[in-house]
Amino acid sequence: MVNMTAVNPKEEHRCTPLVEVMVDTGAELSWLPKQLLLDAGIVPRGKKRFETATKQLVERDFGYAILKAEGYATNDEIVFAEEGDMSFLGVRTL
């Protein structure tokens, strides 16, 4: 588990609170709760389909953010996790 925050790339003073997330090397992208991202002014730019660990296909919004975890930062896509979804740091962010 690591603590991660998403920073709005257009208004860097706006960010999510730190969220404890699982590092998931089986996931391409990182996921954070939708409402936290919206509250930070991070907006959806499109939708993507994902296959969950249980082989279920889901569609989620994604956007762009500066992701910070454990002293490191990178620009990346971020998935807007829905209620019931886990929050995690994906392999591309890692």
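Note that my numbering numbers the sequence shown so that position 2 is 1379, with each residue one more than the last.
All residues carry an ideal CB built from backbone N, CA and C; glycine is no exception.
Residue i to residue j, Cα distance in whole Å?
| i | j | result |
| --- | --- | --- |
| Arg1340 | Phe1439 | Coverage of the chain is limited to positions 1378 through 1471, which leaves residue 1340 absent and any answer about it impossible. |
| Leu1444 | Gly1461 | 22 angstroms |
| Ala1404 | Leu1466 | 8 angstroms |
| Ala1430 | Met1463 | 11 angstroms |
| Pro1386 | Gln1433 | 32 angstroms |
| Met1378 | Cys1392 | 20 angstroms |
| Val1468 | Tyr1441 | 16 angstroms |
| Ser1407 | Phe1427 | 12 angstroms |
| Leu1413 | Glu1389 | 15 angstroms |
| Lys1425 | Lys1411 | 14 angstroms |
| Val1435 | Gly1448 | 31 angstroms |
In this structure, what does DSSP give as the bridge partners for residue i?
| i | result |
| --- | --- |
| Asn1380 | Glu1397 |
Taking the Cβ atom as the reference point for each residue, do residue i and residue j lie within a distance shorter than 8 angstroms?
| i | j | result |
| --- | --- | --- |
| Arg1437 | Glu1459 | yes |
| Leu1471 | Val1400 | yes |
| Leu1415 | Ala1383 | no |
Going along the chain, which unbroken runs of the beta strand (DSSP E) with 3 or more residues stay wholly within the stretch 1397-1468? 1407-1410, 1423-1428, 1434-1446, 1449-1458, 1465-1467
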